[in-house]
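What follows is a short report on a single structure.
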Amino acid sequence: MSTPFYVSPQQAMADRAEYARKGIARGRSLVVLQYADGIVFVGENPSRALHKFSEIYDRIGFAAAGKYNEYENLRIGGVRYADLRGYTYDRDDVTARGLANVYAQTLGTIFSSAAEKPYEVELVVAEVGETPEGDQIYRLPHDGSIVDEHGSVAVGGNSEQISSYLDQRHEDGMSLAAALKLAVQALSREPNGGEREIPAERLEVAVLDRTRPQQRKFKRIVGRQLARLLEADGAASAPTDAPSDEEEGEE
Amino acid sequence: MEANPRSTGRLPAAFLTPGSSSFVDFLSEHQPEMLPGNRQLPPVKGVIEAPHGTTIVAATFPGGVVLAGDRRATMGNMIAQRDIEKVFPADEHSAVGIAGTAGLAVEMVKLFQLELEHFEKVEGATLSLEGKANRLSTMIRSNLGMAMQGLAVVPLFAGYDLDREKGRIFSYDVTGGRSEEQGYAATGSGSIFARGSMKKLYKDDLTEEQATTLVVQALYDAADDDSATGGPDVARRIYPIVTVITDEGFRRLSDDEASEVARSVLERRLEQPDGPRAALL
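Keeping their order, the protein sequence lines are chains A and B. Numbering-wise, numbering that gives the first Met the number 0 puts 38 at position 39 of the first sequence, and it's gapless, one number per residue. Numbering-wise, numbering that gives the first Met the number 0 puts 265 at position 266 of the second sequence, and it's gapless, one number per residue.
Printed below as a string of structure tokens:
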């Protein structure tokens with residue numbers, strides 16, 4: 000018979016955090032960026048069926064890195080939460096802040112409960128506003144904290160390196176094509192400093208577009224439209240964000 | 000665990016349990032009291048007085064379908080509302096028009112819209128048009144108890160079938176019985192007159208404009224003979240709601256467009272009150 004030996008709480012939490020972080024870093028990175036007309040989600044995803052990004056509600060989108068079954072569970076929970084709330088009250092009463100709070104509480108409880116294995120996921124909940132100032136992006140790490148992000152955010156894989164790359168280059172009011180180009184450049188960076196090509200068919204792209212006439216602002220960008228946007232880098236984006244193009248030109 | 004979507008605590012276990020993609024199923028497991036069909040009505044004598052919506056008409060044309068409704072709600076012999084809206088988009092490619100008890104019908108539509116949207120978000124794909132029609136059938140059936148007490152909801156469902164590439168219409172009875180209608184259909188108190196009107200005017204090669212005129216003619220004829228159906232109200236600028244569904248999706252005619260159709264129908268009726276005449280033989 001073995002006697003359970005003492006593990007300090009600090010050590011136990013550090014182990015759990017380490018476990019979750021490793022799991023999240025195994026996946027590919029994804030980035031979420033603000034652009035002039037909304038918020039764009041870009042990630043490398045070889046699968047057509049298993050999405051990393053999805054719609055939660057009219058103005059709210061969801062992105063996740065890490066273990067598929069765990070974030071899929073959270074995604075469906077979020078859709079149920081949002082739909083039930085909208086049905087009980089009104090569609091306007093469903094907010095990203097409320098949803099982020101629920102996710103944070105859920106992840107936090109699971110993280111600190113000794114009976115459950117910590118979720119190996121990192122989430123992004125984004126809400127597109129009427130104006131760029133109204134946009135909200137929340138990053139939710141595995142331990143139940145909430146980080147209020149502005150401009151750009153990266154999760155999963157070598158997210159720290161990508162984040163700092165994006166922070167230096169992202170600007171307010173970028174066109175969609177420019178934001179997409181920047182996102183792809185950021186994702187193609189290898190941890191060792193090299194670069195690799197990500198073909199368009201391996202990209203998963205979605206937007207929350209505030210100019211969409213429909214109530215539901217979430218839209219996937221696929222096929223021809225994606226190819227067109229990827230090609231339209233220089234010329235189309237030049238008028239709206241010349242400074243960022245110059246910077247990219249120096250690379 | 001207590002289910003409480005209002006608190007900001009962690010998601011209750013039911014939210015994270017893998018299961019059905021149906022919002023109605025989720026509600027019935029998680030918060031059954033929120034489902035309209037689960038409400039118990041105390042025994043009452045006689046008919047409950049509540050606003051009733053009246054006539055809805057639909058007609059297909061090559062490339063799509065139009066669905067339209069008048070704007071009147073009645074309570075007994077009183078006009079309860081002059082500008083009620085009874086035709087709603089169900090999702091991008093379908094719409095539902097409701098006749099019957101207005102309060103219950105509007106709630107049913109709200110739940111139906113949510114059911115389709117929820118499925119789409121969870122599954123990442125839309126239901127087939129048949130699937131949507133069947134879901135609506137189930138929801139009407141769950142209202143049967145209320146219907147027996149005079150609070151029936153009888154919708155008309157129309158949509159563009161992306162697989163078969165054509166507009167389709169489904170009608171229902173109070174028990175949830177569903178039948179597909181060929182060409183045109185009507186429901187509500189003025190439906191007899193509307194159907195008679197469309198029977199004489201409908202052709203299967205109508206253009207979109209002709210189809211919108213046809214449904215407005217039919218609503219005019221229904222209002223002509225049924226006191227519970229409202230005709231175009233020129234003084235208040237209240238015109239029928241006309242919606243068109245094609246492969247490009249759902250579109251509701253703007254007030255200007257609807258008034259233009261209604262006014263042209265009205266103008267012809269000033270000369271010929273009974274409307275266009277069909278050939279005798």
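Note that the Cβ used here is the ideal one computed from N, Cα and C, for glycine as well.
query	result
Name the chain A residues whose beta carbon is nearer than 9 angstroms to that of B:His117?	Val78, Arg79, Asp82
At least one CB of chain D closer than 8 angstroms to the CB of B:Val121: is that the case?	Chain labels in this structure do not include chain D; the protein chains are A and B.
Under 8 angstroms, Cβ to Cβ, is there at least one residue of chain A near B:Arg9?	yes
Less than 8 angstroms between the beta carbons of A:Leu181 and A:Leu202, yes or no?	no
Given a limit of 9 angstroms on CB to CB distance, which residues of the region 47–64 of chain A reach chain B?	Ala48, His50, Ser53, Glu54, Ile55, Tyr56
So, is the C-beta of A:Thr105 closer than 8 angstroms to a C-beta in chain B?	yes
Thinking C-beta only, is A:Glu148 closer than 8 angstroms to A:Tyr137?	yes
Please report the distance separating the alpha-carbon of B:Leu155 from that of A:Thr94.	33 angstroms
Starting from A:Asn191, find everything on chain B with Cβ-Cβ shorter than 9 angstroms and list it in chain order.	Those within 9 angstroms of A:Asn191 in chain B number zero; the least Cβ separation is about 35 angstroms.
Going by the CB atoms, is the gap between B:Val264 and B:Val241 shorter than 8 angstroms?	no
Would you mind reading off the limits of the beta strand (DSSP E) that contains B:Arg167?	165–171
Using 8 angstroms as the threshold, is the C-beta distance between B:Leu135 and B:Phe111 below it?	yes
Please classify B:Arg194: does DSSP put it in a helix, a strand, or coil?	helix
My understanding is that B:Gly274 touches B:Asp220, with C-beta atoms under 8 angstroms, so please give their C-beta distance in whole angstroms.	6 angstroms
Go ahead and label B:Arg147 buried or exposed: buried means 16 or more other beta carbons lie within 10 angstroms of its beta carbon, across all protein chains shown.	The sequence given here has Met at residue 147 of chain B, not Arg. B:Met147 comes out exposed.
For a quick check, are the C-beta atoms of B:Thr211 and B:Thr53 less than 8 angstroms apart?	no
Run through DSSP, which three-state label would A:Glu132 get?	helix
Curious, which full-length alpha helix (DSSP H) runs of at least 4 residues does the region 63–134 of chain A contain?	67–87, 95–111
Mind reading off the beta-carbon distance from A:Arg58 to A:Lys216? Whole number of angstroms is fine, and I expect it under 8 angstroms.	5 angstroms
Taking A:Thr108 as the query, report the chain B residues whose CB atoms sit under 8 angstroms from its CB, ordered along the chain.	Arg9
Output needed for A:Ala16: all residues of its chain with C-beta closer than 7 angstroms, excluding positions within five of it in sequence on either side, in chain order.	Asp142
Output yes if chain B places a C-beta closer than 8 angstroms to the C-beta of A:Arg15; else output no.	no
Counting C-beta neighbours from all protein chains within 10 Å, is the total for B:Glu122 16 or more, i.e. buried, or is it exposed?	exposed
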